[in-house]
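All remarks here apply to the structure that follows.
Residue numbers (the UniProt record's numbering): 1 to 107.
Now the structure itself:
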């Protein structure tokens with residue numbers, strides 16, 4: 001199980017580092033993005049995981065695509081749960097199921 005608070009500004013390196021640390025990989029700061037992609041892919045390849053991407057605001061597919069590529073190497077049955085207040089995010093991520101929540105009241 002991996003929990004990543006995405007928020008703004010969107011930072012694919014920070015997201016990748018958080019995932020890698022959660023699967024027990026020590027990460028060096030001097031890696032470039034292609035190195036992170038390969039390390040991420042090889043670290044989760046064939047592993048079943050539940051990845052929670054919390055507080056996602058970025059709905060730009062071009063920013064998410066480089067992260068999506070290594071994540072598809074995880075084992076069948078893996079799931080990615082995204083929390084967002086932006087309906088465009090769920091559409092961009094091609095969500096198979098959405099659960100819209102109503103307003104929360106102070107009580």
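Glycine residues also receive a C-beta, built at the ideal position from the N, C-alpha and C atoms.
- Taking residue 84 as reference, the option from 75, 76, 101, 96 with the minimal CA-CA separation is 101.
- Where residue 79 is concerned, the enclosing beta strand (DSSP E) starts and stops at 79-84.
- For residue 4, the CB contacts under 6 angstroms within the same chain, skipping 5 residues up- and downstream, are 15, 18, 53 in chain order.
- In this structure, DSSP gives residue 89 a helical state, which the three-state scheme calls helix.
- The distance from the Cβ of residue 77 to that of residue 48 is about 5 angstroms, consistent with a contact at the 8 angstroms cut-off.
- Counting only the Cα atoms, residue 94 lies some 32 angstroms from residue 29.
- Residue nearest to residue 88 within the set 34, 22, 58, 41 is 58 (criterion: CA-CA distance).
- Secondary structure of residue 3 (DSSP, three-state): strand.
- According to the DSSP assignment, residue 39 belongs to no beta strand (DSSP E) but to the alpha helix (DSSP H) extending over 33-44.
- Taking residue 45 as the centre and dropping the five residues before and after it, the same chain places the C-beta of 73 closer than 6 angstroms to its C-beta, in chain order.
- Residue 70 holds the alpha-carbon nearest to the alpha-carbon of residue 38 among 10, 70, 55, 22.
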